[in-house]
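Asker: Quick note: the sequence shown uses this note's numbering, first residue -17, plus one each step. The structure that follows is given in the form of structure tokens.
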Amino acid sequence: MAALAVNGGVKLVGPATHTEAYLGSKPVKETRALLSELCRQFYTLGWVSGTGGSITIKVHDDSIPKPHQLILMSPSGVQKERMEPEDMYVISGNGSILFSPSPKPYPHKPPKCSDCAPLFMKAYEMRDAGAVIHSHGMESCLVTMLNPMSKEFRITHMEMIKGIKGHGYYDELVVPIIENTAYENELTDSLAKAIQAYPKTTAVLVRNHGIYIWGDSWISAKTQAECYHYLFDAAIKLHQLGIDWSTPNHGPIQNGKGTSGRNGNLNMSTNALTADSNYNSNLLPRCIVLDIEGTTTPISFVMEVLFPYARDNVGRHLSATYDTAETQDDIKLLRAQVQDDLQQGVIGAVPLPSDDAGKEEVIAALVTNVDAMIKADRKITALKQLQGHIWRTGFESHELEGVVFDDVPEALVKWDALGIKVYIYSSGSRLAQRLIFGNSNYGNLRKYLSGFFDTAVGNKRETQSYVEISQSVGVDKPSEILFVTDVYQEATAAKAAGLEVVISVRPGNGPLPENHGFRTVNSFSEI
């Protein structure tokens, strides 16, 4: 184990896996790339922020017995979201460092193997793990504080328990809790004792710190990590509701176990969550409603990627799906819209032939009308519904990927931890909204969103639309909702409905009127 504290140099002695050729082989390169990718993904989840947390994966190679497979490990004290494949340490099965990354210029610190290395090695040795994740996710820290005297976390009758190896819905999941220490490596003995005492567990919680999770492979470890964090988050929220998560019927928490209702220890948790934001919990909004274009997402993505994709693929989409019920419904809506446009003298509208004219003629006329609608950036349901269906095909084929600003994922995680519900209100269809956030450049962000509103609730520049939203999200008064948009007219309409409003100022957004009277933010970190 002492070898893990040594840094620098490449060791090229020993078995075939230690040779320079093997260190540069495809399995090693692919695992390096995977590790850096997971570092970025786990950073967006809040698991490895502030240089905390770490990940390690064994290089899978069927020709090599698992105990002798190489181990890749992320370094310590570095920005995990900026890790590149060449930044990873390569370690032998017995713990010797075979490859250390090269130092980087100031302000980077000299490379150092993960402080978690001795604990990772215990999981490899005692459980024959294929990957280990050390997360500092807030929920894994807070859940150990719900009962400071407890040495275990227990939960049952939750669907996500099925994602933990060896467990089913009716089983009780038990995760041991060990006490934190000043230095990470001092946890090694406690972790080993917990692993030995709980043969069924695939994780160990560290109080006021985080969690270690392992699996037979990186997929198993990642899947279980997601399920553990979900269950911890559920327990925290059930605690806030005064509901016992550890019993099959999930009834009210009894006084002997904790506080029933919304008072008592809940205030401590809320204060801990809000202290970092310098907010009084009474001043936090209950809901946040976000616009997309120019707020969560660059206008350029919508105008230069989504719109052209929809415009260029209208004909192909309609031809391929013409006889489906979904597309026939789209055509019905478009017929009604085009008829209204012709009566209103809208520029670009052309008559649509009857179905008897044939599929090709109908599609050609539809393409002409839709092209004019897109160029005019019209906020109408018929267009938005069709665009959503076209974009769905693009996202499913991976021709499209949603884009959000870099500060958005972290804010969503923070608001979720604070118990604030977040909704989307956009002129794009609800389907399009789900596609953007479900397939974003930061992965699936939909789990942080409570719902989606589109023009079916009303025009975004009309006050009544925000009245409808206020009545739909379960608040007692509109002022408990914060609406964030980049459009002054939308801000004015929302304010008239009683909502709190912030205007988003992003690169590429249009100018605002002088003395508009609204607070502005350049990043969600300012909210």
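Yeah, the Cβ is synthetic: ideal placement off N, Cα and C, and Gly gets one too.
So if DSSP puts Thr38 in a beta bridge, which residue, or which two residues, is it bridged to?
Answerer: Met55 and Val114
Asker: For Ile329, is the classification buried or exposed, using 16 other Cβ atoms within 10 angstroms of its Cβ as the cut-off for buried?
Answerer: exposed
Asker: Could you tell me which of Pro85, Asp312 and Val332 sits nearest to Gln321, measuring between CA atoms?
Answerer: Put simply, of Pro85, Asp312 and Val332 the residue whose alpha carbon is nearest the alpha carbon of Gln321 is Val332.
Asker: Quick one: grab the DSSP three-state call for Cys21.
Answerer: Cys21 carries a helical assignment under DSSP once its states are collapsed to helix, strand and coil.
Asker: Can you check which of these residues, Gln369, Tyr405, Ser84 and Phe81, is closest to Asp294 by C-alpha distance?
Answerer: Gln369
Asker: Measure the C-alpha to C-alpha separation of Cys98 and Gly59 and round it to an integer number of angstroms.
Answerer: 11 Å
Asker: Can you give me the start and stop residues for the alpha helix (DSSP H) that Phe135 sits inside?
Answerer: Run containing Phe135: none in the alpha helix (DSSP H); it sits in the beta strand (DSSP E), Glu134 to Thr138.
Asker: Relative to the C-alpha of Ala318, which residue among Leu348, Asp388, Phe377 and Pro92 is closest?
Answerer: Out of Leu348, Asp388, Phe377 and Pro92, Leu348 has the C-alpha closest to the C-alpha of Ala318.
Asker: Alpha carbon to alpha carbon, how far is Thr278 from Cys269? Give it in angstroms, no decimals.
Answerer: So the two alpha carbons sit approximately 16 Å from each other.
Asker: What is the DSSP secondary structure of Ser422, counted as helix, strand or coil?
Answerer: strand
Asker: Taking 8 Å as the threshold, find out whether the region 346 to 362 comes into contact with the region 167 to 186 through three or more Cβ pairs.
Answerer: no
Asker: Looking only at DSSP bridge pairs, what is Glu275 linked to?
Answerer: According to DSSP, which records beta bridges pairwise, Glu275 is partnered with Thr279.
Asker: Over the uninterrupted beta strand (DSSP E) stretch that includes Glu482, give me the two end residues.
Answerer: Per DSSP, the continuous beta strand (DSSP E) segment holding Glu482 begins and ends at Glu482 to Ser486.
Asker: Could you work out which residue in Phe506, Gly480 and Tyr470 is closest to Glu496 when comparing CA atoms only?
Answerer: Tyr470
Asker: Measuring only the C-alpha atoms, how far is Ala105 from Leu124?
Answerer: Cα-Cα distance, rounded: 24 Å.
Asker: Can you check whether the CB of Ala185 is closer than 8 Å to the CB of Tyr212?
Answerer: no
Asker: Would you tell me roughly how many angstroms separate the C-alpha atoms of Val466 and Lys11, rounded to the nearest one?
Answerer: 43 Å
Asker: Where in the region 137 to 193 do unbroken runs of the beta strand (DSSP E), each at least 3 residues long, occur, reported from the N-terminal end onward?
Answerer: 154 to 160 and 185 to 188
Asker: For Lys403, list the residues DSSP reports as bridge partners.
Answerer: Under DSSP, Lys403 forms a beta bridge with Cys269.
Asker: Tell me whether the region 419 to 428 and the region 304 to 317 touch, counting them as touching only if at least three CB pairs, one residue from each stretch, are closer than 8 Å.
Answerer: no
Asker: What's the C-alpha gap between Val386 and Ile281?
Answerer: 10 Å
Asker: Which residues share a DSSP beta bridge with Gly197?
Answerer: Paired residue(s): Ala113.
Asker: Classify Gln446 as buried or exposed, calling it buried when 16 or more other Cβ atoms lie within 10 Å of its own Cβ.
Answerer: exposed
Asker: Take the Cβ of Gln415 as the centre, count every other Cβ of all protein chains shown within 10 Å, and call the residue buried at 16 or more, exposed below.
Answerer: buried
Asker: Tell me which residue opens and which closes the alpha helix (DSSP H) that Thr445 is part of.
Answerer: Thr445 to Ser454
Asker: Assign Tyr25 to buried or exposed, taking buried as 16 or more other Cβ atoms, counted over all protein chains shown, within 10 Å of its Cβ.
Answerer: buried
Asker: Under a three-way DSSP split, which group does Gly340 fall into?
Answerer: In this structure, Gly340 counts as coil in the three-state DSSP scheme.
Asker: Tell me the residue span of the beta strand (DSSP E) that contains Leu368.
Answerer: Here Leu368 belongs to no beta strand (DSSP E); instead the alpha helix (DSSP H) covers Thr363 to Glu378.
Asker: Between which two residues does the alpha helix (DSSP H) carrying Met469 extend?
Answerer: Looking at the sequence shown, residue 469 is not Met but Val. Taken as a continuous stretch (DSSP letters only), Val469 belongs to no alpha helix (DSSP H), as it is neither H nor E.
Asker: Starting from Gly433, trace the beta strand (DSSP E) in both directions and tell me its first and last residue.
Answerer: Gly433 to Phe435 is the extent of the beta strand (DSSP E) around Gly433.
Asker: Below 8 Å, can you find three or more Cβ-Cβ pairs linking the region 71 to 81 to the region 162 to 172?
Answerer: no
Asker: Where do the N-terminal and C-terminal ends of the beta strand (DSSP E) with Ile79 fall, by residue?
Answerer: Ile79 to Phe81
Asker: Which term fits His116, buried or exposed, when burial requires 16 or more other beta carbons within 10 angstroms of its beta carbon?
Answerer: A residue is called buried once 16 or more other Cβ atoms fall within 10 Å of its Cβ, and His116 is buried on that count.
Asker: With DSSP as the reference, label Val332 as helix, strand or coil.
Answerer: coil
Asker: Hey, Leu54 and Ile39: beta-carbon distance below 8 Å or not?
Answerer: yes
Asker: Going by alpha carbons, who is nearest to His371 out of Arg412, Ser336 and Gly340?
Answerer: Arg412
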